[in-house]
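Undergrad: Quick one: this structure, given as structure tokens, is what I'll be asking you about.
Number of protein chains: 2
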Amino acid sequence: MRTEVCERFGIEFPLFAFSHCRDVVAAVTNAGGFGVLGAVAYTPERLEEELRWIDDHVGGRPYGVDVLVPGRIDKAARGGSGELGGLLAAVPEEHWKFLAELFDKYGVPQPEFDRAARPGARGPGVTERGATELVEVALSHPIRLIASALGPPPPHMVEAARAAGVPVAALVGTAEHARRQVAAGVDLIVAQGGEAGGHTGEISTMVLVPEVVDTVAPIPVLAAGGIATGRQMAAAMALGASGVWCGSVWLTTEEAETPPVVKSKLLAATSRDTVRSRSRTGKPARQLRSAWTEEWDGPDSPGPLGMPLQMVLAEGAMRQITKAAETGNPGARELAGYFVGQCVGLMNSVRPARQVVYDMIEEFADAIERLNALTEG
Amino acid sequence: MRTEVCERFGIEFPLFAFSHCRDVVAAVTNAGGFGVLGAVAYTPERLEEELRWIDDHVGGRPYGVDVLVPGRIDKAARGGSGELGGLLAAVPEEHWKFLAELFDKYGVPQPEFDRAARPGARGPGVTERGATELVEVALSHPIRLIASALGPPPPHMVEAARAAGVPVAALVGTAEHARRQVAAGVDLIVAQGGEAGGHTGEISTMVLVPEVVDTVAPIPVLAAGGIATGRQMAAAMALGASGVWCGSVWLTTEEAETPPVVKSKLLAATSRDTVRSRSRTGKPARQLRSAWTEEWDGPDSPGPLGMPLQMVLAEGAMRQITKAAETGNPGARELAGYFVGQCVGLMNSVRPARQVVYDMIEEFADAIERLNALTEG
Numbered sequence: 001m002r003t004e005v006c007e008r009f010g011i012e013f014p015l016f017a018f019s020h021c022r023d024v025v026a027a028v029t030n031a032g033g034f035g036v037l038g039a040v041a042y043t044p045e046r047l048e049e050e051l052r053w054i055d056d057h058v059g060g061r062p063y064g065v066d067v068l069v070p071g072r073i074d075k076a077a078r079g080g081s082g083e084l085g086g087l088l089a090a091v092p093e094e095h096w097k098f099l100a101e102l103f104d105k106y107g108v109p110q111p112e113f114d115r116a117a118r119p120g121a122r123g124p125g126v127t128e129r130g131a132t133e134l135v136e137v138a139l140s141h142p143i144r145l146i147a148s149a150l151g152p153p154p155p156h157m158v159e160a161a162r163a164a165g166v167p168v169a170a171l172v173g174t175a176e177h178a179r180r181q182v183a184a185g186v187d188l189i190v191a192q193g194g195e196a197g198g199h200t201g202e203i204s205t206m207v208l209v210p211e212v213v214d215t216v217a218p219i220p221v222l223a224a225g226g227i228a229t230g231r232q233m234a235a236a237m238a239l240g241a242s243g244v245w246c247g248s249v250w251l252t253t254e255e256a257e258t259p260p261v262v263k264s265k266l267l268a269a270t271s272r273d274t275v276r277s278r279s280r281t282g283k284p285a286r287q288l289r290s291a292w293t294e295e296w297d298g299p300d301s302p303g304p305l306g307m308p309l310q311m312v313l314a315e316g317a318m319r320q321i322t323k324a325a326e327t328g329n330p331g332a333r334e335l336a337g338y339f340v341g342q343c344v345g346l347m348n349s350v351r352p353a354r355q356v357v358y359d360m361i362e363e364f365a366d367a368i369e370r371l372n373a374l375t376e377g
Numbered sequence: 001m002r003t004e005v006c007e008r009f010g011i012e013f014p015l016f017a018f019s020h021c022r023d024v025v026a027a028v029t030n031a032g033g034f035g036v037l038g039a040v041a042y043t044p045e046r047l048e049e050e051l052r053w054i055d056d057h058v059g060g061r062p063y064g065v066d067v068l069v070p071g072r073i074d075k076a077a078r079g080g081s082g083e084l085g086g087l088l089a090a091v092p093e094e095h096w097k098f099l100a101e102l103f104d105k106y107g108v109p110q111p112e113f114d115r116a117a118r119p120g121a122r123g124p125g126v127t128e129r130g131a132t133e134l135v136e137v138a139l140s141h142p143i144r145l146i147a148s149a150l151g152p153p154p155p156h157m158v159e160a161a162r163a164a165g166v167p168v169a170a171l172v173g174t175a176e177h178a179r180r181q182v183a184a185g186v187d188l189i190v191a192q193g194g195e196a197g198g199h200t201g202e203i204s205t206m207v208l209v210p211e212v213v214d215t216v217a218p219i220p221v222l223a224a225g226g227i228a229t230g231r232q233m234a235a236a237m238a239l240g241a242s243g244v245w246c247g248s249v250w251l252t253t254e255e256a257e258t259p260p261v262v263k264s265k266l267l268a269a270t271s272r273d274t275v276r277s278r279s280r281t282g283k284p285a286r287q288l289r290s291a292w293t294e295e296w297d298g299p300d301s302p303g304p305l306g307m308p309l310q311m312v313l314a315e316g317a318m319r320q321i322t323k324a325a326e327t328g329n330p331g332a333r334e335l336a337g338y339f340v341g342q343c344v345g346l347m348n349s350v351r352p353a354r355q356v357v358y359d360m361i362e363e364f365a366d367a368i369e370r371l372n373a374l375t376e377g
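Those protein sequences? They're chains A and B, same order as listed.
Note that the numbering used here numbers the first sequence so that position 79 is 79, with each residue one more than the last.
Note that the numbering used here numbers the second sequence so that position 86 is 86, with each residue one more than the last.
Next up, the structure:
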């Protein structure tokens, strides 16, 4: 395909792949798409390692990095150092108690929250200071896009990217947010519908994409949310999108580092098995429905904390849950889950990431051909 | 267009228009689409009148009727006669009290609930007996489709339609429901995403349509939910739909009998201004967010009743609210609302229904052309 976005980003097919796994990023980039590494879970040192590995495996082909700069950070965390220890100190006693009882109820060994024991734990990257360090590392590599989830990128991020000649993308869930992002200097908008995995709003892709396209034209818009097949990609482009941004579909690829217990839950799940819940990060995020989401959103819960406190709590707990689930603990299996969109119902087999790209290209072509046959008939 | 659905239903463009307003039904049918009259609010006598009027205005062109056969009717109503008086007697005192306080709080004159004073009030049509009577009236006219919302049509409805040579359509929100509908003998499936107005599930159109298409092939599927423009129609057909089913978009047409106060709220609303709430019918139904939905779903509410009790309560209250709002009562204006999908954000001008059809045809053609330019480029 020779679209404006393909030309601008040096790709053959306007499919952007968001993944926390470097192997997926490299595989999609090498297959003619555009891999974007989700950096929020990494320390600057670890991100440096990952990007060096990607540089060594894509032969100069284009890829990008995604950071998460939260617009409003929980007050308790804002004053702190942004380090995990400081964040943990801000978690109320009531929430520690609920967490301990939850582990008891499901027969899972209690998790340990000791910063020294867990270097690289999620947490730092979601504070403004943490995000800035990640941006610096990212811009020291030959990336071709830097993306920001949750709120407009801070001016220093836009300036640093401009200086490095790197376009800035931003995820939005409403037309109003898209307008603000463009005013903040963003070059590429990802319009993400409420069916998406992870942090998401409530407006569906079908409605959001045309609204955002009309609002920000001529800035190009990628469609995100619920998209895992080539016919959905054709649909997104019929809506006016210049390409698509997919996250969930890579979780069940061969390359994905998704824990086996989570991968098997994802493969078995239908499109009804997700829920938009604050229980994993403190902000509404779509994920697999599990005992974790049901308990935190249930009547006996003290309610999830804000971001990043709930994220720190949940990620520490989830590491323990996943570990226990992998040893066959049935309660841990019930609690285990992960961010995923409603398209999980369409993810029913394990394929190499490269193959997902090729399948989408073929399905896309078929969908266009079918549409043409309808209108010519 | 010469698609299978166009051939089968004798139409030029596979756009099905659901409306409670006979003028919209006739206008769409006369413009080359397929109008479907929503009959749930009508008594059999009134439906007879409406269909006679349509017959006189479409010159033999095809149209259909939609009835609402609830799968599970509220127990309190099931034993009753299905008449409005019997239903009202089953409303708990707590709910009458909440309703009275709500009217006080917003400064709206109290509504009267007296069956004798309000012949033709909503209520009867949503019981099984009521629905059966409507089906009988519908089948005595030259209709080309009978549709059933909420649950598989009862066997006698399918048999009666078959005997009359009329295809049966059903609205579904999940692939599993689509499978059950086909097993019940349905000829045409409407896959309705969670962004739709009215009774709706949670799976978005982008995800639901391909799932349902794959599940029921070769039964044709219409896409519904969020669709108000031709590019969205092209998107739906890229997903594998054989056409679309639109409801919301007709509410702001010239012909629509939407009360002026509601029409102006719809024209001003953005895609963020809807909510899926049980406050209007007892089942989750997407509608304009209003003081009515906020209060019933708020912390001081006794909680909405089941269907059809909440529907009887809400419709009686809404008649009074709309009447007061039209006289300029500001509290009533806050309470006023109506069923509408997220595409309300795309409904920003009043057009004749005929013009909506023509605009969709043109936008559809443009979208296909744009897609072809992308892939040929």
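Beta carbons are placed, not taken as given, at the ideal position from N, Cα and C, and that holds for glycine.
Bear in mind the structure is a predicted one, so any value in this text is a computation, not a measurement.
Note the first and the last residue of the continuous beta strand (DSSP E) segment covering glycine 64 of chain B.
TA: Here residue 64 of chain B refers to the residue found at position 64 of the second sequence. Run containing glycine 64 of chain B: 63-68, per the beta strand (DSSP E) assignment.
Undergrad: Cβ atoms of alanine 353 of chain B and tryptophan 250 of chain B: under 9 Å apart, would you say?
TA: Within the second sequence, numbered from 1, the residue matching residue 250 of chain B stands at position 250. Within the second sequence, numbered from 1, the residue matching residue 353 of chain B stands at position 353. Contact flag set, yes.
Undergrad: Using a C-beta to C-beta distance shorter than 7 Å, which residues of chain B count as neighbours of glutamate 195 of chain A?
TA: Within the first sequence, the letter at position 195 stands for residue 195 of chain A. Those are Ser204, Met206, Val207, listed as they occur along chain B.
Undergrad: Does DSSP put threonine 253 of chain A in a helix, in a strand, or in coil?
TA: Indexing the first sequence from 1 puts residue 253 of chain A at position 253. Residue state, collapsed to three classes: strand.
Undergrad: Classify arginine 129 of chain A: buried if its beta carbon has 16 or more other beta carbons within 10 angstroms, exposed otherwise.
TA: Within the first sequence, the letter at position 129 stands for residue 129 of chain A. Per the 10 Å Cβ criterion, exposed.
Undergrad: Verify the CB distance criterion: does proline 210 of chain A have a CB-CB separation below 9 Å to chain B?
TA: Taking the first sequence and counting its residues from 1, the one referred to as residue 210 of chain A is at position 210. For proline 210 of chain A, the answer is yes, since a Cβ of chain B falls inside 9 Å of its Cβ.
Undergrad: For isoleucine 227 of chain B, return the contacting residues in chain A, with the cut-off set at a CB-CB distance below 8 Å.
TA: Numbered from its first residue, the second sequence carries residue 227 of chain B at position 227. Chain A residues near isoleucine 227 of chain B: Met206.
Undergrad: Cα-Cα, which of B:Ala217, B:Gln355, B:Ala317, B:Pro14 is closest to phenylalanine 113 of chain B?
TA: For the purposes of this step, residue 113 of chain B is taken as the residue at position 113 of the second sequence. Nearest C-alpha to phenylalanine 113 of chain B: B:Ala317.
Undergrad: Return the chain-ordered list of same chain residues with a C-beta closer than 6 Å to the C-beta of valine 137 of chain A, the five sequence neighbours on each side being excluded.
TA: Taking the first residue of the first sequence as 1, we reach residue 137 of chain A at position 137. Only Pro44, Leu47, Glu48 meet the Cβ criterion.
Undergrad: Measure the CB-CB distance between glycine 185 of chain A and proline 155 of chain A and report whether it falls below 9 Å.
TA: Along the first sequence, one-based indexing puts residue 185 of chain A at 185. Along the first sequence, one-based indexing puts residue 155 of chain A at 155. The answer is yes: Cβ separation under 9 Å.
Undergrad: Classify threonine 229 of chain A as buried or exposed, calling it buried when 16 or more other Cβ atoms lie within 10 Å of its own Cβ.
TA: Position 229 of the first sequence, counted from the start, is the residue given in the question as residue 229 of chain A. Looking at its Cβ environment, which holds 16 or more other Cβ atoms inside 10 Å, threonine 229 of chain A is buried.
Undergrad: Using the beta-carbon count (16 or more within 10 Å), is glutamine 110 of chain B buried or exposed?
TA: Numbered from 1 along the second sequence, position 110 holds the residue referred to as residue 110 of chain B. Exposed.
Undergrad: Would you tell me roughly how many angstroms separate the C-alpha atoms of leucine 37 of chain A and arginine 180 of chain A, rounded to the nearest one?
TA: Here the question's residue 37 of chain A lines up with position 37 in the first sequence. Here the question's residue 180 of chain A lines up with position 180 in the first sequence. Near 24 Å, if we compare the C-alpha coordinates of arginine 180 of chain A and leucine 37 of chain A.
Undergrad: According to the Cβ coordinates, are arginine 280 of chain B and phenylalanine 339 of chain B closer than 9 Å?
TA: Here residue 280 of chain B corresponds to residue number 280 of the second sequence, with the count starting at 1. Here residue 339 of chain B corresponds to residue number 339 of the second sequence, with the count starting at 1. A contact, by the Cβ cut-off of 9 Å.
Undergrad: Nearest to alanine 89 of chain A by CA position, among A:Val350, A:Ser204, A:Val312, is which residue?
TA: Position 89 of the first sequence holds residue 89 of chain A. Closest option to alanine 89 of chain A, Cα to Cα, is A:Val312.
Undergrad: With a cut-off of 8 Å on the beta carbons, I'd call proline 62 of chain B and arginine 162 of chain B a contact; round off their distance for me.
TA: Looking up residue 62 of chain B in the second sequence gives position 62. Looking up residue 162 of chain B in the second sequence gives position 162. With a Cβ gap of about 18 Å, proline 62 of chain B and arginine 162 of chain B do not count as contacting.
Undergrad: State yes or no: is the beta carbon of glutamine 232 of chain A nearer than 9 Å to at least one beta carbon in chain B?
TA: Taking the first sequence and counting its residues from 1, the one referred to as residue 232 of chain A is at position 232. Yes, glutamine 232 of chain A counts as interfacial toward chain B.
Undergrad: Among the candidates A:Arg52, A:Glu50, A:Phe98, A:Pro142, whose CA atom is the shortest distance from the CA of phenylalanine 9 of chain A?
TA: Looking up residue 9 of chain A in the first sequence gives position 9. Of the listed residues, the one whose Cα sits closest to phenylalanine 9 of chain A is A:Pro142.
Undergrad: Under DSSP, the beta strand (DSSP E) around leucine 288 of chain B begins and ends at which residues?
TA: Walking along the second sequence from the start, residue 288 of chain B turns up at place 288. That run of the beta strand (DSSP E) goes 285-288.
Undergrad: In chain order, what residues of the same chain lie with their CB nearer than 8 Å to the CB of proline 260 of chain B, ignoring the 5 residues before and after it?
TA: For this step, residue 260 of chain B is matched to residue 260 along the second sequence. Contacts found: Glu326.
Undergrad: Would you say glutamate 176 of chain B faces chain A, with C-beta separation under 9 Å as the test?
TA: Here residue 176 of chain B refers to the residue found at position 176 of the second sequence. Judged by the 9 Å Cβ criterion, glutamate 176 of chain B is in contact with chain A.
Undergrad: For valine 166 of chain B, which residues of its own chain have a beta-carbon under 7 Å away from its beta-carbon, when the five flanking residues on both sides are left out?
TA: Within the second sequence, residue 166 of chain B is the residue found at index 166, counting from 1. The answer, listed in chain order, is Leu139, Ile143, Arg144, Leu145, Ile146.
Undergrad: Could you have a look at glycine 185 of chain B and say whether DSSP puts it in helix, strand or coil?
TA: Locating residue 185 of chain B in the second sequence gives position 185, where the first residue counts as 1. DSSP places glycine 185 of chain B in coil when its eight states are reduced to three.
Undergrad: Report the CB separation of alanine 215 of chain B from alanine 269 of chain B in whole angstroms; it is logged as a contact under 8 Å.
TA: Translated into the one-based positions of the second sequence, residue 215 of chain B becomes position 215. Translated into the one-based positions of the second sequence, residue 269 of chain B becomes position 269. In the sequence as presented, alanine is not what sits at residue 215 of chain B; that position holds threonine. That belief does not hold up - the Cβ atoms of threonine 215 of chain B and alanine 269 of chain B are roughly 33 Å apart, past 8 Å.
Undergrad: Whether or not the segment 358-373 of chain A and the segment 186-193 of chain B are in contact is what I'm after, with contact meaning three or more pairs of Cβ atoms, one per stretch, closer than 8 Å; do they touch?
TA: Contact between the segment 186-193 of chain B and the segment 358-373 of chain A is absent, because fewer than three Cβ pairs lie under 8 Å.
Undergrad: Consult DSSP for cysteine 6 of chain B and reduce its assignment to one of helix, strand or coil.
TA: For the purposes of this step, residue 6 of chain B is taken as the residue at position 6 of the second sequence. Helix, per DSSP.
Undergrad: If contact is defined by three or more beta carbon pairs under 8 Å, each pair taking one atom from either stretch, is the segment 287-304 of chain A in contact with the segment 199-206 of chain A?
TA: Too few Cβ pairs lie closer than 8 Å, so no.
Undergrad: Does chain A have any CB closer than 9 Å to the CB of arginine 351 of chain B?
TA: Stepping through the second sequence from its first residue, residue 351 of chain B is reached at position 351. False, the Cβ-Cβ gap to chain A never drops below 9 Å.
Undergrad: Within 9 Å of any Cβ in chain A, is that where the Cβ of glutamine 320 of chain B sits?
TA: Residue numbering aside, residue 320 of chain B sits at position 320 when the second sequence is read from its first letter. No, no contact with chain A.
Undergrad: Using a Cβ-Cβ cutoff of 7 Å, what residues of the segment 268-279 of chain B are near chain A? List them in chain order.
TA: Those residues of the segment 268-279 of chain B that come within reach of chain A (Cβ to Cβ, closer than 7 Å) are Ser271, Arg272.
Undergrad: In the DSSP assignment, what are the bridge partners of serine 349 of chain A?
TA: Taking the first residue of the first sequence as position 1, residue 349 of chain A is located at position 349. Per DSSP, none; premise fails for serine 349 of chain A.
Undergrad: Would you check if the distance between the CB atom of lysine 265 of chain A and the CB atom of alanine 324 of chain A is smaller than 9 Å?
TA: Mapped onto the first sequence, residue 265 of chain A falls at position 265. Mapped onto the first sequence, residue 324 of chain A falls at position 324. Result no, Cβ atoms of lysine 265 of chain A and alanine 324 of chain A do not sit closer than 9 Å.
Undergrad: Quick one, which of B:Gly64, B:Met307, B:Val212, B:Glu50 has its alpha-carbon nearest phenylalanine 16 of chain B's?
TA: Along the second sequence, read from residue 1 onward, the residue named residue 16 of chain B stands at position 16. Cα-wise, what sits closest to phenylalanine 16 of chain B is B:Gly64.
Undergrad: Below 7 Å on C-beta distance, what does glycine 345 of chain A contact in chain D?
TA: Although the question refers to chain D, the structure presented lacks it and instead comprises the protein chains A and B.
Undergrad: Report yes if the C-beta distance between glutamate 195 of chain B and glycine 225 of chain B is below 9 Å; otherwise report no.
TA: Working through the second sequence from its first residue, we reach residue 195 of chain B at position 195. Working through the second sequence from its first residue, we reach residue 225 of chain B at position 225. For glutamate 195 of chain B and glycine 225 of chain B, yes; Cβs fall inside 9 Å.
Undergrad: In angstroms, rounded to a whole number, what distance separates the CA positions of proline 14 of chain B and alanine 314 of chain B?
TA: As a working note, residue 14 of chain B is residue 14 in the second sequence. As a working note, residue 314 of chain B is residue 314 in the second sequence. Taking the straight line from one Cα to the other gives about 34 Å.
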